[in-house]
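In this note's numbering, the protein residues as written are 47 to 337. Where is the CB? At the ideal position from N, CA and C, for every residue including glycine.
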């Protein structure tokens with residue numbers, strides 16, 4: 047059964063509240079493994095989004111060459127230098143370097159802004175395998191492919207959110223982009239079952255599907271959200287909500303809703319096109335406060 051994703055349908059899925067005596071420890075920690083030599087700013091968008099939806103602590107993995115700069119750009123974050131290639135893209139061996147910080151995290155994001163899919167996928171699977179009790183968000187180059195589905199699904203166990211757009215879903219299912227666009231819902235349902243994960247099939251209409259086939263549909267997303275970095279913000283928002291204590295499904299649903307609502311707010315304030323992904327960050331807490 048298809049369920050609409052609206053403020054009304056989210057009413058009985060209240061976000062976790064922080065008690066009067068609570069502090070940052072109560073809102074959880076997020077580890078972001080994102081960016082690299084080609085798109086270093088992805089780590090900033092992803093990490094700050096996690097804080098903007100209420101996560102208590104942020105840790106950013108960084109290429110050693112960028113670690114100091116990233117720490118200055120995001121003074122709220124602990125920055126951990128991890129092994130990278132000569133082009134400053136994360137290597138699978140980074141999983142060992144990040145072990146301590148990953149173990150102390152409530153949610154881990156892997157993939158936004160990464161280049162080089164094979165290494166990114168290997169890193170994501172290595173972290174997933176090593177941290178069996180942690181919730182994950184897997185995005186972009188780290189998204190799994192059909193050839194590795196059995197291994198991924200065995201470790202995912204429903205604790206992972208995958209966030210592909212149509213082109214990425216085509217790679218995940220060994221299809222063409224045109225085939226995915228022809229029936230994005232069917233693709234999302236297939237991927238959710240295949241990878242044993244909650245899948246957010248991004249688009250003008252966004253579908254959220256669980257491994258057992260539960261399906262939500264969000265309609266009416268503004269066209270301005272189709273811009274560089276927007277998906278990084280969504281990935282970070284999911285992780286931040288996971289760290290706060292949301293279930294995997296609730297984090298996915300709320301993040302899609304809040305991300306779209308932030309886009310709608312900016313469409314009214316700035317214009318339907320031309321607002322930046324970085325501007326979504328300050329809009330997130332405002333729209334969250336309304337719901």
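Whole-angstrom C-beta distance between residue j and residue i, which should lie under 8 Å
i, j, result
"residue 130", "residue 145", "Contact flag wrong, Cβ pair sits at about 17 Å."
"residue 89", "residue 108", "7 Å"
"residue 218", "residue 247", "Contact flag wrong, Cβ pair sits at about 10 Å."
"residue 192", "residue 227", "Going by Cβ atoms, the distance from residue 192 to residue 227 rounds to 18 Å, so no, they are not a contact pair."
"residue 100", "residue 73", "6 Å"
"residue 123", "residue 104", "4 Å"
"residue 147", "residue 126", "5 Å"
"residue 79", "residue 205", "About 16 Å separates the two Cβ atoms, so there is no contact after all."
"residue 1", "residue 151", "Missing from the structure shown is residue 1; the chain here goes from 47 to 337 and no further."
"residue 102", "residue 75", "7 Å"
"residue 42", "residue 173", "Outside the displayed range of the chain (47 to 337) lies residue 42, so it cannot be described from this structure."
Cβ neighbour criterion (16 or more within 10 Å) applied to residue i
i, result
"residue 158", "buried"
"residue 258", "exposed"
"residue 114", "exposed"
"residue 57", "exposed"
"residue 135", "buried"
"residue 253", "buried"
"residue 194", "exposed"
"residue 317", "exposed"
"residue 274", "exposed"
"residue 340", "Since the first residue shown for the chain is 47 and the last is 337, residue 340 is missing from the structure and cannot be characterised."
"residue 281", "buried"
"residue 276", "buried"
"residue 149", "exposed"
"residue 224", "exposed"
"residue 68", "exposed"
"residue 160", "buried"
"residue 283", "buried"
"residue 285", "buried"
"residue 203", "exposed"
"residue 314", "exposed"
"residue 290", "buried"
Same chain, Cβ closer than 6 Å to residue i, five either side skipped, listed in chain order
i, result
"residue 288", "153, 181 and 297"
"residue 255", "234, 235, 238, 245 and 261"
"residue 307", "333"
"residue 163", "187"
"residue 243", "202, 206 and 208"
Cut-off 8 Å between Cβ atoms - residues of its own chain near residue i, not counting five sequence neighbours on either side
i, result
"residue 327", "91, 94, 95, 98 and 279"
"residue 311", "329, 332 and 333"
"residue 171", "190, 194, 197, 198 and 201"
"residue 176", "141, 145 and 148"
"residue 251", "230, 263, 264, 265 and 267"
"residue 222", "216"
"residue 70", "102 and 103"
"residue 292", "61, 62 and 300"
"residue 53", "303 and 337"
Other residues of its chain near residue i: CB distance less than 7 Å, five sequence neighbours each side excluded
i, result
"residue 55", "49"
"residue 220", "192"
"residue 64", "72 and 73"
Mind the definition here: the segment 231-243 touches the segment 199-215 only if three or more C-beta pairs lie below 8 Å; say whether that holds. yes
Do three or more CB pairs link the segment 314-322 to the segment 182-190 at distances below 8 Å? no
If you scan the segment 175-221 from start to end, which runs of the alpha helix (DSSP H) of 4 or more residues do you find wholly inside it? 195-202 and 212-219
Measuring CB atoms only, is the segment 80-92 touching the segment 254-270, in the sense that at least three cross pairs come out at less than 8 Å? no
Is it true that the segment 302-322 meets the segment 162-181, where meeting means three or more beta-carbon pairs spaced less than 8 Å apart? no
Could you give the uninterrupted runs of the alpha helix (DSSP H) lying entirely in the segment 140-170, keeping only those of 4 residues or more? 140-143 and 145-149
Secondary structure, beta strand (DSSP E): runs of 3+ residues fully inside the segment 71-126: 75-79 and 103-109
Considering only residues of the segment 217-275, which uninterrupted beta strand (DSSP E) runs meet the minimum length of 3 residues and lie entirely inside it, listed in chain order? 244-247, 252-255 and 261-264
4-residue-minimum alpha helix (DSSP H) runs that sit fully inside the segment 272-336, ordered along the chain: 276-290, 294-315 and 323-335
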